[in-house]
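All remarks here apply to the structure that follows.
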Amino acid sequence: LIIGVACMQGQIGKKYDAKLEIWRDPDQLRAGVASGEYKVMMSPSNVGVNLANQGRKIGMVNILTEGLNFVMSKSDKITEFAQLKGKKIVMPFKNDMLDIIVRAIAKKQGISGLNIDYTASPAESAQLFLAKDYDVAITVEPLASAMILKGKVSGIAVQRGANLSDMWAQAFSVKPIIPQAGIIADTDFYAAKKADFEILNADLADALAWIKANKQSAAAIGTNFFPAPPPAIFMSIDTSNLCVKKPSEIKDELLKFYEILMEFNPKLLGGAMPKDEFFLC
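Under our numbering, the first residue of the sequence shown carries the number 85, and numbering increases by one thereafter.
This is the structure:
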C-alpha cells in the first residue's frame, strides 16, 4: 500500500513511469530477478538475502513493516504463546518464514506438538478458519482484519490476539519487531540511481504519513493490491506496524532476526548471513 500510494503521489512517479506490479509467488520474483526484468522489488526480508547468497546482485533498500502477523481465535483471546497448546491451528506456507517464526518461538519456550494444518495462501487459511473447526488462525494483515469482519457476518466472534512480534520479543528478549518485508533492488541499478532511491524513500515516508491521515481513501486504493475489502484494509492500517526505515536504521534488529532464522532454517537465507554490502543505505 505504501509503495502504491508513493507511485501515485510521489516525485518518483512524476519523474518515471513508476507503477506497482504484484508478483504472484516467489518463483515469479526469482525469475524476474534472474532475467534482469525486475530492478526494484518488494519482498519478504529473507528473500533478498537468499537471492544475494545465490550470487544475484541484490541489496536491501528499506523495511516497510515491523510485523503484521496476528494470532486469531474463535474463543479465548490468545495473548500468550503457551495458549496455543492443544488448539487446532491453520496457517499458510509450511517451512516458510511465518512457519519458522512460529516454530522458533515454540522451541525457545519449550513447547512441542503444536497441531498445525498448512495452506497454500493466507486467503485459504482464512476461509478454512471460518468454515471449519479450527480454533486458531495465524495470518497476516489485511486478512486478519478481513476475518473479523467476515466472522461478524457469519455470526462468529473472531478475536484478534497477540501480534507475533510481541511473542517473538518475549521469547528472544528482543524488541517487539519482526522486520518482515521491504524493498530490495539490483545493486548496479541502485548505484546508478542512488539519488533517485533517496527520493523514493522520501516519497514512501510521505505516502505513509498520507495513509495514516487518509485511511478511507488509502483503503480504497488498497483494493488494487490486496484480496480484501476496503473496511478490512482500513482496519489493518493501524495494526500492520507500517514503517519506512533504511536498513542502517534497523540493522541490529535485522541481524538478530537473520541469526534466529539461520538457526532454525538456513535455507530461508540461502545458507549464510548477509554481507555488509547487502545493506545498501
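We put the beta carbon where it would ideally sit given N, CA and C, even for glycine.
Are residue i and residue j close, meaning C-beta to C-beta below 8 Å?
| i | j | result |
| --- | --- | --- |
| residue 142 | residue 271 | yes |
| residue 176 | residue 204 | yes |
| residue 349 | residue 184 | yes |
| residue 285 | residue 328 | yes |
| residue 344 | residue 256 | yes |
| residue 96 | residue 280 | yes |
| residue 94 | residue 309 | no |
| residue 292 | residue 86 | yes |
| residue 307 | residue 295 | no |
| residue 191 | residue 258 | no |
Which same chain residues, not among the five before or five after residue i, have their C-beta less than 7 Å away from its C-beta?
| i | result |
| --- | --- |
| residue 144 | 132, 266, 268, 331, 362, 363 and 364 |
| residue 304 | 314 |
| residue 335 | 363 |
| residue 234 | 214 |
| residue 242 | 156, 158, 231, 232 and 235 |
| residue 353 | 130, 133, 134, 137, 342, 345 and 346 |
| residue 238 | 214 |
Leaving out five residues before and five after residue i in sequence, what residues of the same chain have Cβ atoms less than 6 Å from its Cβ?
| i | result |
| --- | --- |
| residue 367 | Outside the modelled stretch of the chain, which goes from 85 to 365, sits residue 367, for which no answer is possible. |
| residue 172 | 199, 218 and 219 |
| residue 356 | 137 |
| residue 371 | Because the chain is modelled from 85 through 365, residue 371 falls outside the range shown and cannot be assessed. |
| residue 122 | 116 |
| residue 161 | 243 and 245 |
Assuming residue i contacts residue j under a Cβ cut-off of 8 Å, what Cβ separation, rounded to an integer in Å, is found between them?
| i | j | result |
| --- | --- | --- |
| residue 213 | residue 156 | 7 Å |
| residue 104 | residue 117 | 17 Å between Cβ atoms; not a contact. |
| residue 158 | residue 240 | 6 Å |
Ordered along the chain, which non-local residues of its own chain (more than five positions away) have a Cβ less than 8 Å from that of residue i?
| i | result |
| --- | --- |
| residue 186 | 175, 198, 200, 222 and 248 |
| residue 368 | Residue 368 cannot be examined here, being either before or after the span of the chain that is shown, 85 to 365. |
| residue 323 | 152, 154, 225, 228, 229, 244 and 247 |
| residue 319 | 226, 229, 232 and 233 |
Have a look at the options and flag the residue whose alpha-carbon is nearest the alpha-carbon of residue i.
| i | options | result |
| --- | --- | --- |
| residue 138 | 114, 126, 241 and 254 | 114 |
| residue 110 | 233, 274 and 126 | 126 |
| residue 163 | 91, 100 and 253 | 253 |
| residue 360 | 346, 311, 338 and 165 | 338 |
| residue 263 | 146, 106, 296 and 358 | 146 |
| residue 260 | 112, 150, 168 and 275 | 150 |
| residue 208 | 275, 312, 302 and 341 | 312 |
| residue 346 | 319, 130 and 167 | 130 |
| residue 193 | 206, 301, 168 and 210 | 168 |
| residue 99 | 108, 351 and 277 | 277 |
| residue 273 | 92, 102, 124 and 101 | 124 |
| residue 92 | 140, 333, 148 and 302 | 302 |
| residue 188 | 165, 170 and 325 | 165 |
| residue 333 | 140, 101, 108 and 148 | 148 |
Q. Does the segment 198 to 212 come close enough to the segment 172 to 190 to have 3 or more Cβ pairs within less than 8 Å?
A. At 8 Å Cβ cutoff, the stretches touch.
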